[in-house]
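Here is the structure we will look at.
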Amino acid sequence: MPTWEDVVRLASELPEAEASTWYRTPALKVAGKGFARLRTEAEGGLVVLCGLDEKAALLDSGDAAFFTTAHYDGYGSIIVDLERVDVDQLRELLEDAWRLKAPRRLTT
1 MPTWEDVVRL
11 ASELPEAEAS
21 TWYRTPALKV
31 AGKGFARLRT
41 EAEGGLVVLC
51 GLDEKAALLD
61 SGDAAFFTTA
71 HYDGYGSIIV
81 DLERVDVDQL
91 RELLEDAWRL
101 KAPRRLTT
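Heads up, the sequence shown is in my numbering, so the first residue is 1 and it goes up one at a time.
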């Protein structure tokens, strides 16, 4: 089961990714832009930015590691249950989220 420290370690493999805060919660940013944050809300989880198509596919997969709340309806992000997610899949999600916010100079 990955912890927040594991999430930060995975993100540290990405250029200029840094641990920070976002909405007063622990978060990951690149170039000052958030791409993931640890939720302190009742449901918990890690919010990770993604495309709407990817979000739909993850939710439709039936994998209990992925969920959403009404607050995120229509928004490109998925909530990841760290107690259930596969580390390799988490790494891929973080990289994809990083690419959504990273400056072009870092992604080419």
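Built from N, CA and C at the ideal position, the CB exists for glycine as well.
A quick note: this is a predicted structure, and the numbers were derived from the prediction, not measured.
- Task: Measure the alpha-carbon distance for Arg105 versus Leu58 and round it to whole angstroms.
- Result: 29 Å
- Return the CA-CA distance between Val8 and Glu18, expressed in angstroms with no decimal places. 8 Å
- Can you tell me which of the three DSSP states Arg168 falls into? The question about residue 168 has no answer, for the chain in this structure spans 1 to 108.
- Task: With DSSP as the reference, label Ala36 as helix, strand or coil.
- Result: strand
- Lys129 to Thr68, Cα distance in whole Å? Within the shown structure, residues of the chain are numbered from 1 to 108, placing residue 129 beyond reach of any answer.
- Task: Return the first residue and the last residue of the beta strand (DSSP E) that Leu90 is part of.
- Result: Where Leu90 is concerned, there is no enclosing beta strand (DSSP E), although the alpha helix (DSSP H) it sits in stretches over 87–101.
- Item | Buried versus exposed call for Gly62 [16 or more other C-beta atoms within 10 Å across all chains shown] | exposed
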